[in-house]
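First up is the structure itself, then whatever we jot down about it.
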Amino acid sequence: KMDHLSCFVPGMIALGLMNLPASDLGEGRNASWLHLAEGLTSSCTELWTSMKSGLAPEYVLLAHRSPFAIREVPQGARHSFLRPETVESLFYLHRLTGKEKYRRWGADLFRSIMEHSKVEAGFASVADVNKVPTDKLDDMQSFVMAETFKYLYLLFSPREALDLESYILNTEAHPLRKPGPISV
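My numbering applies: residue -18 is where the sequence shown begins, and numbers increase by one.
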């Protein structure tokens, strides 16, 4: 089972690689951590792109083989709330590596959101990610604007739009200035 909510993990790893001393990550382990983060980000992006609508379900059941292979999207998991975790990881991986593939993947996700969840007054959750045209639910989660679109904006913005040396994003993607050294 792979939950979309777990797709924050590659971004968390990328943040660690950007902020922790190499010695804290284990001898010669930076490349291993980066490889893990990139692989997980690819899998999380596939949660979106492998669905007919291009929107990610809540979770999938995986086949017991490699590479990443979705066996099934259970009936109770086929909806999409347009969660931000994958886009968050795309943002951090792009910032860490500079690889344009993360922007391309983000653009694909953005197009799917615009095509399959846009409504007159916002962006609706979708009942079944494998049904096109989509049936829209009568709700828009607060994190869609607060996080999903903020991370998409930052993914395509120049680095100066948010200096990660000076700011950290909290769990709702609000930028907070990093404090200076704390003396005890």
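We put the beta carbon where it would ideally sit given N, CA and C, even for glycine. Since the model is a prediction, treat every value here as computed from it, not as a measurement.
The Cβ atoms of S123 and L36 lie no closer than 7 Å to each other. Separation of the CB atoms of V107 and S98 is rounded to 6 Å, and the pair is thereby assigned contact status at 8 Å. In the three-state DSSP reduction, L42 falls in the strand class (E or B). Judged by DSSP in its simplified three-state form, D5 adopts helix. In the DSSP annotation of this structure, the continuous segment of the alpha helix (DSSP H) that includes E27 starts and ends at 11 to 30. By the neighbour-count definition (other C-beta atoms within 10 Å, threshold 16), L(-2) is a buried residue.
Judged by DSSP secondary structure, R85 falls within the alpha helix (DSSP H) whose first and last residues are 82 to 97.
Boundaries around E53 are those of the beta strand (DSSP E), 51 to 53, since no alpha helix (DSSP H) includes it.
Membership of P156 in the beta strand (DSSP E) is indicated by the continuous run 156 to 158. In this structure, DSSP gives L133 a helical state, which the three-state scheme calls helix. For L150, the enclosing beta strand (DSSP E) begins and ends at 148 to 150. Bounds of the alpha helix (DSSP H) holding R76 are 66 to 78. With a 10 Å radius around the Cβ and a threshold of 16 neighbouring Cβ atoms, E8 comes out exposed.
A37: not part of any alpha helix (DSSP H); DSSP gives it neither H nor E. Collapsing the DSSP output to three states places S61 in a strand. Scanning S164, Y73, S23 for the CA closest to the CA of H(-15) turns up S23. In this structure W86 is in contact with L71, their Cβ atoms being roughly 6 Å apart against a cut-off of 8 Å.
Collapsing the DSSP output to three states places M126 in a helix. Here V100 is exposed. Its C-beta has fewer than 16 other C-beta atoms within 10 Å.
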